[in-house]
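Asker: Starting off with a structure, shown below.
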Amino acid sequence: MRTLALVCGMAVVVLYSTVMAYDNQPGATPLGPPGYALLCAAVLAPAWLPRRPEAALAARPRPATPSP
Numbered sequence: 009m010r011t012l013a014l015v016c017g018m019a020v021v022v023l024y025s026t027v028m029a030y031d032n033q034p035g036a037t038p039l040g041p042p043g044y045a046l047l048c049a050a051v052l053a054p055a056w057l058p059r060r061p062e063a064a065l066a067a068r069p070r071p072a073t074p075s076p
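Residue numbers for the sequence shown follow the working numbering, beginning at 9 and rising by one.
Structure (C-alpha cells):
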C-alpha cells in the first residue's frame, strides 16, 4: 500500500512539474511519446525496485579508480 501511495504521489508531482515547465517556457516543444515513456518509467521504477533490488545495485555509480 505504501508503494502504491509513493508511485501515485510521484506521478502527480512529475507530470504536474513537466506540464508547468512546458507552460513557462515560450519556445519549448511539446513532449513526444518517448518523453512520456521516460516519465512513466521514472514513476513506475520505485514500484518495481523492492521486488528486484539487484536492478538498483546494477545502476549504482562505479567507484572512481585512482590514476597511477
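Just so you know, even glycine gets a beta-carbon here, dropped at the ideal spot from N, CA and C.
1. Do residue 47 and residue 26 have their CB atoms nearer than 8 Å?
2. How would you write the range of the alpha helix (DSSP H) that residue 80 sits in, first residue to last?
3. Measuring only the C-alpha atoms, how far is residue 30 from residue 24?
4. State the start and end residues of the unbroken alpha helix (DSSP H) segment that holds residue 17.
Answerer: On the basis of the supplied data:
1. Here residue 47 refers to the residue found at position 39 when the sequence shown is read from its first residue. Here residue 26 refers to the residue found at position 18 when the sequence shown is read from its first residue. Yes, they are a contact pair.
2. Residue 80 falls outside the range modelled here, since the chain spans only 9 to 76, and no answer is possible.
3. Within the sequence shown, the letter at position 22 stands for residue 30. Within the sequence shown, the letter at position 16 stands for residue 24. Their Cα atoms are separated by approximately 10 Å.
4. As a first step, residue 17 is located in the sequence shown; it is residue number 9 there, counting from the start. From DSSP, the alpha helix (DSSP H) with residue 17 extends over 10-31.
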